[in-house]
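Following: one structure in structure tokens, then a few remarks.
Number of protein chains: 2
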Amino acid sequence: MATPTAQIIRGGGLRALFTGNGALAPFRLLKSDLKGRPKLYHTDWHFNQLILASAVFVFFTNLLPGITFASDLYILTGKNYGTIEVVFSTGLCGIVFALFSGQPLTILGVTGPFCILSERIYALCHENFHIDFLPFMAWSCIHSAWMHWLLAIFNAHDWTMEYVTTFSTEIFSLLNSIIYFHKAIQELERSHANTSLASFLYSIIGCIGTFLVAVTLSTANSWAPLFHKYVRMGLSEYAAAISIIFFIGMPQIGELDSLDQQRLPVSTSFRPTSPERSHFIVEFWKLDVSWIFAAMIPGMIITTLFFFDVEVSTICATISRYNVRKPGGYAWDVVLLGLTTAMCGILGIPPANGLLPQAPLHSESLLHDEEVKDEDGSVKKITTVHEQRWSHLLHAIGILAFVSPPLMHVLGLTPTSVLAGLFLYMGEQSLTVNPILIRFFHILTPSSELPPLPSGIKGYRGIHMYTLLQIVVTAGIFAVTLTPAAPAFPVIIVLLVPIRLRIMNKWWNRETLKRMLLPPVFLFLKIINSALPYDTILPSKIPLSPAPNLI
Amino acid sequence: MATPTAQIIRGGGLRALFTGNGALAPFRLLKSDLKGRPKLYHTDWHFNQLILASAVFVFFTNLLPGITFASDLYILTGKNYGTIEVVFSTGLCGIVFALFSGQPLTILGVTGPFCILSERIYALCHENFHIDFLPFMAWSCIHSAWMHWLLAIFNAHDWTMEYVTTFSTEIFSLLNSIIYFHKAIQELERSHANTSLASFLYSIIGCIGTFLVAVTLSTANSWAPLFHKYVRMGLSEYAAAISIIFFIGMPQIGELDSLDQQRLPVSTSFRPTSPERSHFIVEFWKLDVSWIFAAMIPGMIITTLFFFDVEVSTICATISRYNVRKPGGYAWDVVLLGLTTAMCGILGIPPANGLLPQAPLHSESLLHDEEVKDEDGSVKKITTVHEQRWSHLLHAIGILAFVSPPLMHVLGLTPTSVLAGLFLYMGEQSLTVNPILIRFFHILTPSSELPPLPSGIKGYRGIHMYTLLQIVVTAGIFAVTLTPAAPAFPVIIVLLVPIRLRIMNKWWNRETLKRMLLPPVFLFLKIINSALPYDTILPSKIPLSPAPNLI
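Heads up: the protein sequence lines correspond to chains P and B, in order. Residues 1 to 551 in full-length UniProt numbering are what the first sequence spells out, letter by letter. Residues 1 to 551 in full-length UniProt numbering are what the second sequence spells out, letter by letter.
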């Protein structure tokens, strides 16, 4: 599909742009989404043992990061968002998407960047604007809803994702890792400030212990020959869950029980975390009109972030290797995401959206061999996913169940040090698969010991400069998240796209860029397929798919 | 060389056994040792940068385990042995061997099994015999000296080592690992008993931290492409030293400085650790005559242990891969070891002997490429060791320097938690290269996922039973070390040899034994050449050298 600018240049005028197959022809994509998927809806409800296992796996990988963010949000949003809000949102949005989405493989949750965003918006409301946080956030989400709808109506999926490359997605991923590490440190700092030295020292043991046990177990797949391969798979898939359960249990033992450990703050009944709220509906209609308009700015930022996130996670969850055979629903899912975002805003809970790397991991856990008939009648085996809604629905129901007081109490046993360890684990998991890391290692290594470069690239100098630029940009954006301008950070990431388009061709030669700038799907190649050798994501070896708009 | 029994069976009678080339012909080996080496002595004194680097490396790998044992000996020998005694002995014996040994590659130090032995002898003296420990130990060492000399005179090297196989050496190595882990736990238990909860929790951080940093750095060689390869080599060779320095520094920082950390007990002047002693000479002549005779039993046990250790470490330090070209001096080195053992006994310090795995690591650090002329005049390149005495001498002088009060003070900064971490590290390093470990993993894995076996071996059942037998025997010996019968444990290990010879052929088929029972040199194959793949030490892939006496 041509981009709007390309179409204008090619001629045909503005009118053609908005009609028929025009890039901006209203409802074009949405109509095709609504034509294709509903007919197949009934086929999305088959069930088997693998689907159940996938639901259990996704339940843990979605719930655990969620409560980690909750412990942080509780402090940094003045108790407006807490554990119950995060769990409620993840469960509710998950059920809506399981039932009504176009593409049921993309699972939803409360993400790190959104937490940062809402914490910074809270700080602005509280310290600068002196207004209530939740009504302002509700309006931001309501504005975001119609912005989502506009993006869907004008086929944004077609003409945006072609410009997004690994340059931006790698930076986004690195930023996430840094934010995770920073949150772990903040969590330990709070323990240091609020508890005894012994308790603080135990927090360090709990944090590093949770991290290291999870990291060690996550490599279980490579332990052969040790244990049956299903045991190894189980250990590596439930690495974080096993580690967290162990370190929740440990401080109950012996003397450790006497320590003044900080734990995840939870509600004791089904009501919001904040003692000032008695019900979930936010009285958003009471906000001053000028602030209602001002909320369009955070609304736009949330839209930017959510659109970027849900698109990239859906792309990664449906890459060709998975042999997804039913049509997708990019435009429809953006409409639905606008709806759930507004709903969460009004309920005073943080909106959920497409989760990375959990969405592709969900597809991965549904892979199986299937026999299909070719056109000529011959039977062949292909690996494909169970494209259905049960795993999505069941895991979401499981998470929603945790808003009930008894299960909420279980979550409340979690020491915050364990959550700090989980932050480290999440940061490490996304950092180790980020090509920036290995290219950073290359900077620290003499060129003579590096793998040979493909012809056309003169030396490692250009690649090193490219890597350093990414690191500097990431450091810059992270610095911004620490200032009052923090809420603007998703916009900066998106602005990287046009800046790259204008400047990069002048600074680097075409051959180098062809190896470095790749469609966003390459970012998660390593996560998705752990069998890939370490250096497949090296510039010299990456398989190139033609992407003419990238350079 | 035929064994005494083989020679008798072959005929010739007792007389032939003791004359000419007879197995027990007195001084036969000793004479050949004294003929060969002294002529080449002057060639042992060349020097270059690699030799210096080797000395520095060996200095750390010898000193660090030594002081770890010292902290343990201090408690468990009632302050009779402590840091200064261990350092003094290591330095002194090292200098003697550097100057006078037949084979200068075998470095000496105070070993784990000897520590266990002396701690248990102390317990017997203190609790059961009610006599002074040091005079009794002095006599044990003096008796051990003439026993060493008898072994040398009757050419024991020839007719003992042919019977020792990996069955015993693997058990010996596993026992070492278990003893190390047990000592780490004891060290932490002492911290728990004697310090505050905060200090105990910090001890755990220091212990696990030292262990993990050392283990991580020790894998630096496989980090490519990251850093220059010399940087990687440096990090992996000095892994323990870097880790220990870091964790000595850490508790000096901030609040941690206020903790009541236990540190390595050291002397403040050049005098023995025990406040009851003013000089190093033990007044051994004052011991009751009956106890002088009784000391022959521990003397025999020490001899057994030392002979076994020095033989195996010399074999490992001079394997064919190193292309050692000067003659060895097995018999002469046993004479010298008897001498240093008696000397240490009289000085009231623990005697040093051949160190594993440090001795082969010493050879490894001296490897370089050299051009040699073939018989036909053509020049070819071989990899060989710098067979010289400087690296041995310099590292020993460096260690001896630490008996001086200022350097002793530096050692005294070491928290005992760091030493506990070093114990874990040493245990891990010898456990991971022990074939028992990987065969134990095989027991936990279904046979269908294990590598195929060579023809002649029906299934994994026999191998599993062999592995379990080794584990049970090791557990049994370890249990003995916890009882009053502990000092007998080296004898049990040696007794395994005849037991194996009588029983094993009945329990296992010949083909299996041929793969499992190997000359002792195979035990350290993995340590010495880290480039060997993980499974080279598997029974199915091991290169077999013919060893007719083994089965």
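Each residue gets a CB set at the ideal place from its N, CA and C atoms; glycine is no exception. Here the structure is a predicted model, which is why all the values come from computation and not from measurement.
Helix, strand or coil at residue i [DSSP, three-state]
i, result
"B:P539", "Reliability of the predicted coordinates at B:P539 is poor, the pLDDT of 34 falling under 50, and no value is obtained from them."
"B:L287", "coil"
"B:D309", "helix"
"P:L108", "strand"
"P:D132", "coil"
"P:E276", "coil"
"P:V282", "coil"
"P:E371", "strand"
"B:P435", "helix"
"B:R389", "coil"
"B:T415", "In the sequence as presented, Thr is not what sits at residue 415 of chain B; that position holds Pro. Correct three-state label for B:P415: strand."
"B:N323", "coil"
"P:R271", "coil"
"P:N353", "strand"
"P:T19", "coil"
Same chain only: Cβ atoms within 6 Å of residue i, ignoring 5 sequence neighbours per side
i, result
"P:L413", "I248"
"B:L525", "Note that B:L525 has pLDDT 46, beneath the 50 cutoff, so the model's placement of it is unreliable and the number below is only indicative. Answer for B:L525: no residue qualifies."
"residue 593 of chain B", "Outside the modelled stretch of chain B, which goes from 1 to 551, sits residue 593 of chain B, for which no answer is possible."
"B:A239", "A214, L217, S218"
"B:M161", "E311"
"P:W223", "R232"
"P:S391", "I51, S54, A55"
Range of the contiguous alpha helix (DSSP H) that encloses residue i
i, result
"B:K506", "489–507"
"P:H464", "460–481"
"P:N221", "Taken as a continuous stretch (DSSP letters only), P:N221 belongs to no alpha helix (DSSP H), as it is neither H nor E."
"P:T90", "83–100"
"B:D333", "330–347"
"B:M233", "229–237"
"B:E364", "358–365"
"B:R37", "28–40"
"P:P65", "49–76"
"P:K183", "166–194"
"B:W45", "Neither: B:W45 is in no alpha helix (DSSP H) and is coded neither H nor E."
Cα-Cα separation, residue i to residue j
i, j, result
"P:L444", "P:P452", "16 Å"
"P:L29", "P:T341", "21 Å"
"residue 570 of chain P", "P:M426", "Residue 570 of chain P cannot be examined here, being either before or after the span of chain P that is shown, 1 to 551."
"B:F18", "B:V312", "26 Å"
"B:L175", "B:H182", "10 Å"
"B:L394", "B:L264", "25 Å"
"P:H42", "P:E387", "12 Å"
"P:L124", "P:I471", "28 Å"
"B:T474", "B:S177", "11 Å"
"B:Y122", "B:F307", "22 Å"
"B:A16", "B:A23", "9 Å"
Opening and closing residue of the beta strand (DSSP E) in which residue i lies
i, result
"P:V385", "379–385"
Own chain, CB closer than 7 Å to residue i, minus 5 neighbours either side, in chain order
i, result
"P:W149", "V335, G338"
"P:F284", "P135, A138, W139, I346"
"P:H192", "F200"
"B:L50", "L366, H368, H386"
Cβ-Cβ separation, residue j to residue i (assumed contact under 8 Å), whole Å
i, j, result
"B:V310", "B:T61", "So it is not a contact: roughly 18 Å between Cβ atoms."
"residue 553 of chain B", "B:V282", "Here chain B covers residues 1 to 551 and nothing more, so residue 553 of chain B does not appear."
"B:Y163", "B:V497", "5 Å"
"B:R190", "B:I297", "Actually they do not touch by this definition, with Cβ atoms about 30 Å apart."
"B:V87", "B:V403", "5 Å"
Cβ shell of residue i (< 8 Å), same chain only, five flanking positions each side left out
i, result
"B:A359", "L105, T106, I107, S313, T314, C316, A317"
"B:I116", "I179, T481, A486, F489"
"B:S118", "L73, T77, Y81, M137, P350"
"B:S530", "Residue placement at B:S530 is poorly supported in this model, since its pLDDT is 34, which falls under 50; the coordinates are not used for a value here."
"B:S196", "L259, D260"
"B:V379", "E371, V372, K373"
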